[in-house]
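Written below as structure tokens is the structure these notes are about.
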């Protein structure tokens, strides 16, 4: 587990905080890209807790993304709730769903777990389409208000950028604290060898469910942030392809590192914007970049970044 | 969750030098286990008394590891009873058994290796019983967690010092020889502060001088009052450290007694080892 020195922390936080004034040029478009990227960063980091640290695959993480988004969307439109309580309600529901389905689901392993989590994703999307009066069904949920807190509206992209990236900072901080604590070491034991872990008194099922719940809560937070940014939700945003995108970001960035998925999500979202202009070739270019990265950087982008970091510090101190 | 000081080897409730007493720590009775028609254990029974080193020997495939797996709950027997102190282990989950004061090492090394886990990480995981960390605990009670963590880390270094691997603490276990990996497993199992330690072939992969070291180590562990049930093929080790030996073959108990009784047992000699081999077990 790598530790980033305080100076690096200050630098990273300064870059994130100053982005809108510098590279962002106070442009709603550029800040908007980073808002979406931030939302995906939260998703990828939350999945890393489950996959990278606990070794449990999920091909249906968008299910919890959907729960957060729709709870926020429904409560703030037809029930007139404020965004923050609606967001918390989403997290509570996501936690409850994860806790209930987690116990039987996480008994499964590998391919079977992959299929079951994928099925969960399909069930949630089917429910969204089916519960038309509640969710707007296939035609979507319209007119979701922008985020506001204590009477302050965050209706422009530059302001909302700070909301989303504060949430990113919180999620990264909590994740790092958890994985670097004795709890994280327990997860490492479960990931490595459940049989050996059990003989030391580790209740693997219970620990897996705990991580699943935390991961679902984070994904739900990302969903709420997404709802207030898009102001419109459609079931298509939460399908299995979204779950797979999150997985790709995770592997691209470097699994089991927390920082890796941050890089992976940023890279994918920015690549998407850069190649958008190529229209028909966009998918081709995205695919090619992914294949190249996965072939030549098995530890992901974070592996490359940390290798460069190690080389630089080795040069400085002979 | 107390952070008491003291030696890693001090089992709870045991002070000073312990000698084998009559109180049974572990009683296995009439345990039968079938694997798809193959009878791995066939009504086997044994008793381990407090403070002793008991060796469980037998030819390959006799059911020794299966029996250890039944004792610590990784396998459920089809029939029979396993009593540890006052607990019936047959009905308990493996992780619950792990909290009772019973820990083990594995024949095929099972060290934790993902995410660059170090040897120190491995040994510290052995103390799960003490930490039992939660998410809220790691976020909200960091001060208390850190204090317990520190005592656990100190004990982990102590355990590694005992097996002679303190300097390797921050390396990854894969960098060690198989023999040393077994010693890491031993250190890890001691972290659980066991009353009963199950060791599955701790000497395999060790050279002669390392086996000598292991003998000293086992004697030191016994001296602190920890009872040991040992599965082992190295007869030199078995005959010199154990107080009691039980021989099993085809899932059945063949003989039980002191090393010299067992090595003179005609059934053992005839049915399983041959007189020549037995003569070489007993040191002059």
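Chains as they are written, first to last, in this note's numbering: chain R, 1 to 318; chain B, 1001 to 1284. C-beta atoms are modelled at their ideal positions from N, C-alpha and C, and glycine is treated no differently. In this text the structure is predicted, and so the values were computed from the model without any measurement.
Short CB-CB distance (under 9 Å) between residue i and chain B
| i | result |
| --- | --- |
| residue 98 of chain R | no |
| residue 166 of chain R | no |
| residue 226 of chain R | no |
| residue 12 of chain R | no |
| residue 310 of chain R | no |
| residue 103 of chain R | no |
| residue 214 of chain R | yes |
| residue 133 of chain R | no |
For residue i: DSSP bridge partner residues
| i | result |
| --- | --- |
| residue 153 of chain R | R:148 |
| residue 1249 of chain B | B:1252 |
| residue 1027 of chain B | B:1047 and B:1083 |
| residue 1034 of chain B | B:1039 |
| residue 1088 of chain B | B:1083 |
| residue 1257 of chain B | B:1245 |
| residue 1103 of chain B | B:1197 |
| residue 1231 of chain B | B:1056 and B:1200 |
| residue 250 of chain R | Looking at the DSSP assignment, residue 250 of chain R forms no beta bridge with any residue, so it has no partner. |
| residue 141 of chain R | R:233 |
Distance between residue j and residue i (C-alpha atoms, nearest Å)
| i | j | result |
| --- | --- | --- |
| residue 192 of chain R | residue 1116 of chain B | 11 Å |
| residue 199 of chain R | residue 1102 of chain B | 8 Å |
| residue 1082 of chain B | residue 1056 of chain B | 16 Å |
| residue 1072 of chain B | residue 58 of chain R | 31 Å |
| residue 272 of chain R | residue 1128 of chain B | 45 Å |
| residue 65 of chain R | residue 140 of chain R | 16 Å |
| residue 77 of chain R | residue 265 of chain R | 29 Å |
| residue 16 of chain R | residue 91 of chain R | 26 Å |
| residue 137 of chain R | residue 71 of chain R | 14 Å |
| residue 1158 of chain B | residue 1166 of chain B | 8 Å |
| residue 60 of chain R | residue 110 of chain R | 14 Å |
| residue 1270 of chain B | residue 1043 of chain B | 22 Å |
| residue 1226 of chain B | residue 292 of chain R | 56 Å |
| residue 1124 of chain B | residue 55 of chain R | 20 Å |
| residue 319 of chain R | residue 188 of chain R | What the structure shows of chain R is the stretch from 1 to 318, and residue 319 of chain R is not part of that stretch, so it cannot be assessed. |
| residue 1149 of chain B | residue 232 of chain R | 48 Å |
Test: residue i CB closer than 9 Å to a CB of chain R
| i | result |
| --- | --- |
| residue 1221 of chain B | no |
| residue 1192 of chain B | yes |
| residue 1139 of chain B | yes |
| residue 1171 of chain B | no |
| residue 1240 of chain B | no |
| residue 1178 of chain B | no |
| residue 1035 of chain B | no |
| residue 1269 of chain B | no |
| residue 1204 of chain B | no |
| residue 1104 of chain B | yes |
| residue 1207 of chain B | no |
| residue 1225 of chain B | no |
| residue 1098 of chain B | yes |
| residue 1182 of chain B | no |
| residue 1188 of chain B | yes |
CB contact flag (residue i, residue j, <9 Å)
| i | j | result |
| --- | --- | --- |
| residue 1084 of chain B | residue 1120 of chain B | no |
| residue 62 of chain R | residue 240 of chain R | yes |
| residue 1229 of chain B | residue 1241 of chain B | no |
| residue 1176 of chain B | residue 1168 of chain B | yes |
| residue 43 of chain R | residue 314 of chain R | no |
| residue 223 of chain R | residue 102 of chain R | no |
| residue 299 of chain R | residue 254 of chain R | yes |
| residue 1061 of chain B | residue 1029 of chain B | no |
| residue 1109 of chain B | residue 1218 of chain B | no |
| residue 1199 of chain B | residue 1184 of chain B | no |
beta-carbon residue i near the ligand GDP non-hydrogen atom, thresh 8 Å
| i | result |
| --- | --- |
| residue 156 of chain R | Ligands displayed in this structure: none; no statement on the ligand GDP is therefore possible. |
Interface residues of the segment 1126 to 1137 of chain B facing chain D [CB-CB below 9 Å]: Absence of chain D from the displayed structure is noted, the protein chains being R and B.
Selection of the segment 1074 to 1095 of chain B by Cβ proximity to chain R, strictly under 7 Å: 1074, 1094 and 1095
Members of the segment 155 to 187 of chain R near chain B, C-beta cut-off 7 Å: Flagged, chain order: 174, 177, 178, 181, 182, 183, 185 and 186.
Residues of the segment 1111 to 1123 of chain B with Cβ closer than 9 Å to any Cβ of chain R, in chain order: 1111, 1112, 1113, 1114, 1115, 1116, 1117, 1121 and 1122
Interfacial residues, the segment 188 to 205 of chain R to chain B, with Cβ spacing under 8 Å: 188, 189, 191, 192, 193, 195, 196, 197, 198, 199, 200, 201, 202, 203 and 204
Members of the segment 282 to 315 of chain R that neighbour chain B once the beta carbon cut-off is set at 8 Å: Correct list: empty, as no residue qualifies.
Chain B contacts made by the segment 240 to 259 of chain R, where a contact means CB separation under 8 Å: 256
Cβ-based contacts, 9 Å cut-off: residues of the segment 263 to 275 of chain R near chain B: none
Residues, ordered as in the chain, of the segment 30 to 64 of chain R that lie near chain B by beta-carbon distance below 8 Å: 52, 53 and 55
Near-chain R residues of the segment 1141 to 1169 of chain B - C-beta to any C-beta below 7 Å: 1145 and 1149
Interface residues of the segment 1046 to 1072 of chain B facing chain R [CB-CB below 7 Å]: If the cut-off is 7 Å between Cβ atoms, the segment 1046 to 1072 of chain B has 1072 near chain R.
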